[in-house]
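A short worksheet on the structure shown next.
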Amino acid sequence: MDPRESKLAMERNQAWWETLKGARSTAIARSSGRSSTVKLYAMTCGWLSADVSSMLARESGRIRFPVPAYLIQHPKGHVLFDTGLHPASGHDPHGRVGVLANFFDIHFRPGEDIASRLNQLEIDPKQIAYIVNSHLHFDHSGGNELIPNAKVIIQQKEWEAGHTPELMEANAYNLQDYDHGHLVHQVHGEHDVFGDGSVVTIPTFGHTPGHQSLLVRLEAGDIVLAADACYFRRTLEELHLPKLVHDRSQMLDSLLLLRRMRARGARIFYGHDPDFWKEVPQAPMEVL
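The working numbering applies: residue 25 is where the sequence shown begins, and numbers increase by one.
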């Protein structure tokens, strides 16, 4: 990348980090230690194929990548981080995702939707307390409809963008993915879901206007579910951005924030990295 762009991103990120680190330190400090009662499970809710350049600018070829969703079990309730694709995406992609079906091949089999994944774990989808949507794209909020009783936790900037016509068009949002009458908690920046520092939203703007990642504190250490703030390991290592991004400077800021969190000991779970995904235990195995 252009060294000047990198320098600008570092300067911007320093200010952003200083703003966030005090609040984050406060939230994390509420927990006196790692919690053996918080459990994390990874689920594959389909696969997509697309041009590599859409995810790594200037690269060529096609790539097939997973659509992850995560279950966090906490003594105060179950949380989903993202909900994957809607079942109709598999058999009627043009009808469900519209023009995006011209850019993505959708590989989605029966039993891979979020409700089926939960049923396979003997968890009733109606008993999920919270959905934390990283953002409102079809492969991250398409399953919201299948989780009817959850409260949605989302950045206010993202929710507002998802209901503003010009931003909906610019970011390829579709109301049928996320507007189903759920109670919605619109948050500003960091939000401590249970008040104990174990599950905390981290604003990682750039991919979309209000993208967020999720910090999960396990007994073995901290994990950051990056979602589309960081598609691949290469994205983080090389600061290699996608061809299409809502705000390039903000996304660079967010990547550098993830680097800092990694330097402080957090493990980063990349949003759509097929090689990394091979290393992640799949439910019913627990992520340790």
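From the three backbone atoms N, C-alpha and C, an ideal C-beta is built for every residue, glycine too.
Within the region 195-256, the runs of alpha helix (DSSP H) that reach at least 4 residues and sit entirely inside it are, in chain order, 199-202. Secondary structure at Thr-107: coil, using DSSP grouped into helix, strand and coil. Shown here, Pro-117 sits in a helix according to DSSP, grouped into three states.
For the pair of segments examined, the region 177-186 was found to touch the region 203-216: the number of CB pairs separated by less than 8 Å reaches three. C-alpha of His-110 to C-alpha of Leu-124: approximately 14 Å in a straight line.
Within its own chain, the residues whose Cβ lies closer than 6 Å to the Cβ of Tyr-255, once the five positions on either side in sequence are excluded, are Met-79, Gly-295 and His-296, listed in chain order. Ile-152 sits away from Val-240, with the two beta carbons spaced by 8 Å or more.
With contacts defined as CB atoms closer than 8 Å, Ala-287 and Pro-233 fail to qualify as a contacting pair. Secondary structure at Arg-82: coil, using DSSP grouped into helix, strand and coil. Taken through DSSP and simplified to helix, strand or coil, Met-192 comes out as helix. In the displayed model, His-270 falls within coil according to three-state DSSP, outside both helix and strand.
Taking the CA atoms as reference points, Asp-271 sits about 8 Å from Phe-229. Cβ-Cβ separation between Leu-72 and Asp-163: approximately 6 Å, consistent with a contact (criterion under 8 Å).
Around the beta carbon of Met-67, 16 or more other beta carbons lie within 10 angstroms, which makes this residue buried. Between Ser-237 and Ile-247, the beta carbon gap of about 10 Å keeps them out of contact (Cβ cut-off 8 Å).
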